[in-house]
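Chemist:
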Amino acid sequence: MNNQIIVICAVTALFAAGCVGDPGGSATTTPVVIDYQGDPGWVRYTNTDLHFSISTPVDWEILSVTKSVLAKKTTMNLTLAMNRVVFACAPNMTGCVMISGMDYSGEPVSPDNDSGDPWIPDNRYEEFLVNAESATFEGIDVTITSVTKDSRNYLINGHPARHASFIVQINGESQTTDCYIIAHNNVYYSEWYAARPGSTTFEAATASDIMHTFDIAL
Numbered sequence: 013m014n015n016q017i018i019v020i021c022a023v024t025a026l027f028a029a030g031c032v033g034d035p036g037g038s039a040t041t042t043p044v045v046i047d048y049q050g051d052p053g054w055v056r057y058t059n060t061d062l063h064f065s066i067s068t069p070v071d072w073e074i075l076s077v078t079k080s081v082l083a084k085k086t087t088m089n090l091t092l093a094m095n096r097v098v099f100a101c102a103p104n105m106t107g108c109v110m111i112s113g114m115d116y117s118g119e120p121v122s123p124d125n126d127s128g129d130p131w132i133p134d135n136r137y138e139e140f141l142v143n144a145e146s147a148t149f150e151g152i153d154v155t156i157t158s159v160t161k162d163s164r165n166y167l168i169n170g171h172p173a174r175h176a177s178f179i180v181q182i183n184g185e186s187q188t189t190d191c192y193i194i195a196h197n198n199v200y201y202s203e204w205y206a207a208r209p210g211s212t213t214f215e216a217a218t219a220s221d222i223m224h225t226f227d228i229a230l
């Protein structure tokens, strides 16, 4: 397994399994609407295990690992994590969009756009943001040094979402990335871009566009 993928996968789960903290400000009710399926010539990828699809440029590579691989590298409780973590990686592996899911079946039902309250609540949003830096990983120096919350609600291809950006130190190198949390029924998906040395501004913008193509595939 590529060590870079293990590092990126660890940081993805680091974010996704943050602990509940003090509630932040309430999200605004008027959403930012994103309705986008990709640029001409992009290819559609569907993951039948995680029930989602995204579009990517033809030269971006799709990879995935099982949560059992990640479990060997972290002290984190991955009980709610779905079985795979998916990566859409830029040419030369200079950065990847990561998509993972947390299944809350048996927990209070997550909102979706056809429910009475379509938005992701602040307390669940906080679960993805607060105290994430407390997790540890075998042989990996990972620290989230700064988190910027976003008070706006989003609709990404009809699905309620929240957004945040944060700075991560990986093996002493600082990286800035955006993240979206997307709700569908009992599952919360997280997707974000982790830049690596050699990543360009164009790649980061392309990664954001890829995240905006997320849709549910049942």
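Following the numbering used here, the numbering of the sequence shown begins with 13 at its first residue and continues without gaps. Every residue, glycine too, gets a C-beta built ideally from N, C-alpha and C. Since the structure is predicted, the reported quantities are computational estimates derived from the model, not experimental observations.
Under three-state DSSP, which class holds Thr106?
Modeler: Taking the sequence shown and counting its residues from 1, one reaches residue 106 at position 94. It is coil, neither helix nor strand.
Chemist: Output yes or no for whether 8 Å exceeds the beta carbon distance between Thr188 and Ser202.
Modeler: For the purposes of this step, residue 188 is identified with residue 176 of the sequence shown, where counting begins at 1. For the purposes of this step, residue 202 is identified with residue 190 of the sequence shown, where counting begins at 1. Their beta carbons are not under 8 Å apart, which means Thr188 does not touch Ser202 by this criterion.
Chemist: Throw me the rounded Cβ distance for the Thr106 and Glu215 pair, which I believe falls under 8 Å.
Modeler: Position 94 of the sequence shown, counted from the first residue, corresponds to residue 106. Position 203 of the sequence shown, counted from the first residue, corresponds to residue 215. Sure, about 6 Å apart at Cβ, within 8 Å.
Chemist: What residue ranges within the stretch 176–210 form continuous alpha helix (DSSP H) runs of no fewer than 4 residues, ordered along the chain?
Modeler: Correct list: empty.
Chemist: To the nearest angstrom, report how far apart Thr160 and Gln181 are at their CA atoms.
Modeler: Working through the sequence shown from its first residue, we reach residue 160 at position 148. Working through the sequence shown from its first residue, we reach residue 181 at position 169. So the two alpha carbons sit approximately 15 Å from each other.
Chemist: What residue from Asp227, Ala206, Pro130 and Pro209 has the CA that sits closest to Pro172's CA?
Modeler: Translated into the one-based positions of the sequence shown, residue 172 becomes position 160. For the residues Asp227, Ala206, Pro130 and Pro209, the minimum Cα distance to Pro172 belongs to Pro130.
Chemist: Considering only residues of the same chain and omitting the five flanking positions on each side of His224, which have a CB-CB separation below 7 Å?
Modeler: Within the sequence shown, numbered from 1, the residue matching residue 224 stands at position 212. Excluding positions up to five away in sequence, the list reads Ile46, Tyr48 and Ile168.
Chemist: Arg174 and Ile156 - do their beta-carbons sit closer together than 8 Å?
Modeler: What you label residue 156 is simply residue 144 of the sequence shown in a count that begins at 1. What you label residue 174 is simply residue 162 of the sequence shown in a count that begins at 1. No, the pair does not count as a contact, with Cβ atoms beyond the cut-off.
Chemist: By a C-beta neighbour count over all protein chains shown, 10 Å radius and 16 as the cutoff for buried, is Gly113 buried or exposed?
Modeler: Position 101 of the sequence shown, counted from the start, is the residue given in the question as residue 113. Classification of Gly113: buried, given that the 10 Å Cβ count is 16 or more.
Chemist: Give the range of the beta strand (DSSP E) segment to which Phe140 is assigned.
Modeler: Your numbering for residue 140 matches position 128 in the sequence shown. From DSSP, Phe140 is part of no beta strand (DSSP E); its letter is neither H nor E.
Chemist: Taking 8 Å as the limit between beta carbons, can you name the residues of its chain near Trp204, skipping five residues before and five after?
Modeler: The sequence position of residue 204 within the sequence shown is 192, counting from 1. Correct list, in chain order: Thr24, Phe27, Val109, Met110, Thr189, Asp190, Cys191, Tyr192 and Met223.
Chemist: May I have the straight-line CA-CA distance separating Pro35 from Ser65, to the nearest angstrom?
Modeler: Translated into the one-based positions of the sequence shown, residue 35 becomes position 23. Translated into the one-based positions of the sequence shown, residue 65 becomes position 53. Residue confidence for Pro35 is low, a pLDDT of 36 falling below 50, so the modelled location carries little weight; the figure read from the coordinates is stated next. Distance between the alpha carbons of Pro35 and Ser65: 31 Å.
Chemist: Please look up how many angstroms separate the CB atoms of Lys79 and Asn59, rounded, as I've assumed it's under 8 Å.
Modeler: Indexing the sequence shown from 1 puts residue 79 at position 67. Indexing the sequence shown from 1 puts residue 59 at position 47. The pair is not a contact, with the Cβ atoms about 14 Å apart (cut-off 8 Å).
Chemist: State the DSSP-derived secondary structure class of Ser127, mapped to helix, strand or coil.
Modeler: Counted from its first residue, the sequence shown places residue 127 at position 115. Low local confidence applies: a pLDDT of 48 at Ser127 is under 50, so the model's placement there is unreliable, and no value is given.
Chemist: Secondary structure at Ala29, three-state DSSP: helix, strand or coil?
Modeler: Start at 1 with the first residue of the sequence shown, and residue 29 comes out as number 17. Confidence at Ala29 is low in this model, with a pLDDT of 44, below 50, so its placement is unreliable and the value that follows should be read with caution. Coil.
Chemist: Apart from the five residues just before and just after Ser211, which ones in its own chain have a Cβ nearer than 8 Å to its Cβ?
Modeler: As a working note, residue 211 is residue 199 in the sequence shown. If we look at Ser211 and ignore the five residues flanking it on each side, its Cβ neighbours are Ala102, Thr106 and Gly107.
Chemist: Can you tell me whether Ser163 is buried or exposed, with buried defined as 16 or more other CB within 10 angstroms of its CB?
Modeler: To locate residue 163, count along the sequence shown from 1; it is residue 151. Ser163 comes out exposed.
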